[in-house]
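Structure first, commentary second.
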Amino acid sequence: MTTVLIVDDEPQIVRALRINLTARGYDVLTAGDGTTALQEAAIGKPDLVVLDLGLPDMDGTEVITGLRGWSPVPVVVLSARADSAGKVRALDAGADDYITKPFGMDELLARLRAALRRSVTQGTEEPLVRTASFTIDLAAKKVHRDDREVHLTPTEWGILELLARSHGKLVTQKQILREVWGERYTTETHYLRVYLAQLRRKLEPEPANPRHLLTEPGMGYRFQP
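In terms of UniProt numbering, the sequence shown opens at residue 1 and continues consecutively.
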């Protein structure tokens with residue numbers, strides 16, 4: 001049985017989620033604050049966490065950071081904070097998805113299923129990532145298009161590999177800059193525009209209308225196989 005940990009201090013939200021998830025066969029754990037959430041995650045080993053950011057004892061991003069210190073469990077943020085800066089902070093901390101309150105239950109359940117699928121896929125990742133336009137060999141660190149190898153610089157490969165391993169998830173600008181260039185470069189967003197343009201010219205059938213290397217304006221990038 002799949003176990004979901006709900007972290008929210010609003011009893012009505014917790015009750016609605018518990019009823020809907022239990023009815024669909026999930027095992028549900030709950031926590032009303034960040035401290036309890038981290039304890040429940042350590043003891044109950046949930047398969048997925050649904051997390052509010054506005055908790056009484058700490059910010060939800062602190063919970064994400066605490067989890068990411070030892071666990072890859074998927075985290076779906078469910079928050080009333082609609083500003084893009086808040087979303088980016090949560091995603092940079094390690095959240096897998098972000099849903100704004102008020103929310104539709106069908107959409108939330110679909111997002112949870114998608115997060116769980118990605119988690120399973122990442123755990124059984126194959127070295128080849130195929131798109132309609134090119135193939136990425138993660139093990140050999142090579143890319144082929146039209147049966148010919150495409151030469152990528154180490155930086156271009158670093159960006160492409162990070163996006164490809166994220167299985168359709170949004171990867172924030174800050175995360176890419178930190179992973180590929182280092183912590184000192186997390187504000188150099190112009191680097192990304194230059195390198196994504198180069199990757200699109202090499203890999204996309206129509207670089208001006210990309211199908212696989214997608215921009216999420218103001219937030220980051222997403223790889224679409």
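Cβ atoms here follow ideal geometry from the backbone N, Cα and C, with glycine treated the same way. Remember, it's a predicted structure, so these values are computed and weren't measured experimentally.
What residue range is occupied by the uninterrupted alpha helix (DSSP H) comprising residue i?
i	result
Ala139	Where Ala139 is concerned, there is no enclosing alpha helix (DSSP H), given that its DSSP letter is neither H nor E.
Glu156	154-164
Glu62	60-68
Leu196	189-203
Glu179	173-180
If you count every other CB in all the chains shown that lies within 10 Å of the CB of residue i, and 16 or more means buried, which is it?
i	result
Arg117	exposed
Glu125	Bear in mind that the predicted position of Glu125 carries a pLDDT of just 47, short of 50, making it too unreliable to give a figure here.
Pro127	exposed
Ala90	buried
Leu163	buried
Gln173	buried
Gly220	buried
residue 242	A question about residue 242 goes unanswered here, because the residues of the chain that appear run from 1 up to 225.
Pro4	Going by the sequence as given, residue 4 is Val instead of Pro. The residue in question, Val4, is buried, as its Cβ has 16 or more Cβ neighbours within 10 Å.
Arg200	buried
Asp146	exposed
Pro72	exposed
Sort the options by Cα distance to residue i and report the nearest one.
i	options	result
Asp83	Asp106, Val75, Thr100	Thr100
Thr65	Gly54, Arg81, Leu38	Leu38
Asp52	Arg130, Arg148, Val150, Thr30	Thr30
Thr36	Ile19, Leu17, Met58	Met58
Ile43	His151, Thr61, Trp70	Trp70
For residue i and residue j, what's the separation of their Cα atoms in angstroms?
i	j	result
Thr189	Gly218	10 Å
Gly94	Arg15	26 Å
Gly123	Thr2	With a pLDDT of only 46 at Gly123, under 50, the local geometry of the prediction cannot be trusted, and the value read off the model is given with reservation. Their Cα atoms are separated by approximately 16 Å.
Gln12	Ser79	14 Å
Leu21	Arg68	24 Å
Trp157	Arg111	29 Å
Lys45	Leu203	40 Å
Gly25	Leu213	36 Å
Pro225	Ala132	7 Å
Val76	Ala140	32 Å
His144	Thr187	32 Å
Ser166	Ala23	30 Å
Asp97	Asp47	15 Å
Leu196	Leu170	15 Å
Arg211	Pro102	31 Å
Arg18	Val180	40 Å
Arg222	Arg130	15 Å
Identify the continuous beta strand (DSSP E) that holds residue i and give its terminal residues.
i	result
Val129	128-130
Gly32	From DSSP, Gly32 is part of no beta strand (DSSP E); its letter is neither H nor E.
Val77	75-79
Arg222	220-223
Asp92	No beta strand (DSSP E) holds Asp92; the alpha helix (DSSP H) holding it covers 84-93.
Arg148	148-150
Thr100	97-100
State the CB to CB distance for the pair residue i and residue j, rounded to an integer number of angstroms; the pair is presumed to be in contact (CB under 8 Å).
i	j	result
Leu160	Ile176	The Cβ separation is near 11 Å, so there is no contact.
Val63	Gly34	5 Å
Val49	Ala41	7 Å
Pro74	Ala115	4 Å
Asp106	Pro56	Asp106 to Pro56, Cβ: 29 Å. No contact.
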